[in-house]
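One structure is given below, encoded as structure tokens.
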Amino acid sequence: MIKINSLRIEYDEITAVKDLSLEIKKGQIFGLVGPNGAGKTSTIKALAGILEPTYGEILIDGVDLELETQRALQSIGYMPDFAPVYENLKVWEYLDVFASAYLLNRELRKSRIDEWITRVNLRDKHDTYIKELSRGMRQRLVLAKTLLHDPKVLLLDEPASGLDPSARREMREILKSVAKENKAIIISSHILTELDDFCNSIGIMQKGMMVVSGSLEEIRAKVKTLGLLTIRLSEKSQDLANKILQFLSNSKLISNLQGVTLTEYKMNFQGDETQCTWLLDQLIKHEIPIYEFFLERPNIEDIFFQIGAKEVS
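Going by the working numbering, the sequence shown opens with residue 134, and the numbers climb by one from there.
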């Protein structure tokens with residue numbers, strides 16, 4: 134759905150994006166994360182056709198953005214950070230202005246406005262002036278505007294910026310439902326924890342480069358992130374404690390092993406799901422009475438901060 138080949142964006146002597154290549158398929162919610170100045174907004178603006186790249190190729194649903202700009206843009210919905218709104222318009226008037234700009238006929242305009250004003254939970258604000266809306270309501274209104282022409286690709290630059298936790302949750306649920314319609318979504322955000330149960334793949338940018346991308350599980354493997362493994366036993370004895378400590382100490386998958394009590398042990402675990410299952414199986418085979426075996430995987434924020442200290446394999 135979205136394919137980027139060797140994208141480079143330069144501002145005078147500053148290189149904002151360095152030779153970025155990326156592919157995002159329909160149904161994917163791709164989280165683009167990184168510190169300020171990493172190149173996230175420049176990348177999204179280039180995809181939206183607002184910013185002309187120095188060189189590189191962008192394909193939107195197989196259409197070259199540079200060679201067939203208008204055709205490619207018909208498949209794109211772009212929502213910038215702090216999108217401007219016309220405060221003296223009513224909610225339905227604002228949507229009607231943009232539906233007209235998208236060249237939707239009168240009948241289709243009405244049905245699309247009715248659909249999206251309902252889906253973003255603004256039905257009771259149909260005749261309300263925009264100046265009376267909260268920040269969260271305005272963001273949902275702009276999202277509705279962005280989706281009126283039924284784009285195949287959705288580009289969202291910090292859509293949760295300035296929203297309270299309740300409004301962010303509401304925005305997240307709306308976008309999840311949109312992704313199920315086989316749209317490709319790119320969402321940039323600095324609120325890393327918000328993307329954990331939302332995006333099915335992420336890309337981490339630093340200094341204009343994509344450091345790593347893929348599903349969370351793939352990225353954990355690439356950057357060798359550490360999970361926190363907790364093991365609790367159903368029996369209590371010093372002999373049993375010595376036995377499990379000796380066994381775990383000999384495993385290359387385990388580090389920072391701590392015996393919290395005679396029945397509880399915490400450690401860093403470096404391995405994938407298969408290795409985690411293997412470890413549990415080995416403990417059982419060694420007749421260690423397991424009461425609880427729980428692996429807490431690092432979230433996006435943990436991975437992001439580990440990237441700074443670890444080399445990607």
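Just so it is clear, CB atoms sit at the ideal spot from N, CA and C, and this is done for glycine as well.
These numbers were taken from a predicted model, which means no experiment stands behind them.
Helix, strand or coil, according to DSSP, for residue i in the structure here?
i           : result
residue 156 : strand
residue 285 : coil
residue 436 : helix
residue 421 : coil
residue 388 : strand
residue 262 : strand
residue 369 : coil
residue 247 : helix
residue 445 : Any reading at residue 445 must be qualified, since the residue scores a pLDDT of 37, below 50, and its modelled position is unreliable; the value itself is stated next. Coil, per DSSP.
residue 238 : coil
residue 380 : helix
What residue range is occupied by the uninterrupted beta strand (DSSP E) comprising residue i?
i           : result
residue 182 : Neither: residue 182 is in no beta strand (DSSP E) and is coded neither H nor E.
residue 399 : 397 to 402
residue 189 : 188 to 193
residue 211 : 209 to 212
Please list, in chain order, all residues of the same chain as residue i whose beta carbon is under 7 angstroms from its beta carbon, the five residues on each side excluded.
i           : result
residue 408 : 386
residue 151 : 141, 341, 342
residue 296 : 268, 269, 272, 304
residue 283 : none
residue 374 : 392, 395
residue 428 : 360, 362, 402, 409
residue 213 : 290
Name the DSSP beta bridge partners of residue i, please?
i           : result
residue 322 : 166
residue 202 : Bridge partners of residue 202: none, in fact.
residue 148 : 143
residue 347 : 335
residue 427 : 363
residue 172 : Looking at the DSSP assignment, residue 172 forms no beta bridge with any residue, so it has no partner.
residue 317 : 286
residue 197 : 192
residue 138 : 190
What residue range does the alpha helix (DSSP H) around residue i cover?
i           : result
residue 134 : From DSSP, residue 134 is part of no alpha helix (DSSP H); its letter is neither H nor E.
residue 306 : 298 to 312
residue 229 : 224 to 234
residue 271 : 268 to 280
Whose C-beta lies closer than 6 angstroms to the C-beta of residue i among residues of the same chain, with five residues either side of it excluded?
i           : result
residue 188 : 141
residue 95  : With the chain represented from 134 up to 446, any question about residue 95 goes unanswered, as that position is not in the structure.
residue 426 : 364, 413
residue 158 : 134
residue 329 : 432, 433
Between residue i and the rest of its own chain, which residues show a CB-CB distance below 8 angstroms, the 5 nearest in sequence each way excluded?
i           : result
residue 438 : none
residue 377 : 364, 366, 398, 416, 421
residue 235 : 281, 282
residue 384 : 412
residue 311 : 280, 287, 318
So, do the stretch 414 to 427 and the stretch 365 to 383 have three or more beta carbon pairs nearer to each other than 8 angstroms? Under the three-pair Cβ rule at 8 angstroms, the stretch 414 to 427 counts as touching the stretch 365 to 383.
When you compare the stretch 176 to 191 with the stretch 240 to 255, are there three or more beta-carbon pairs, one atom per stretch, that lie closer than 8 angstroms? no
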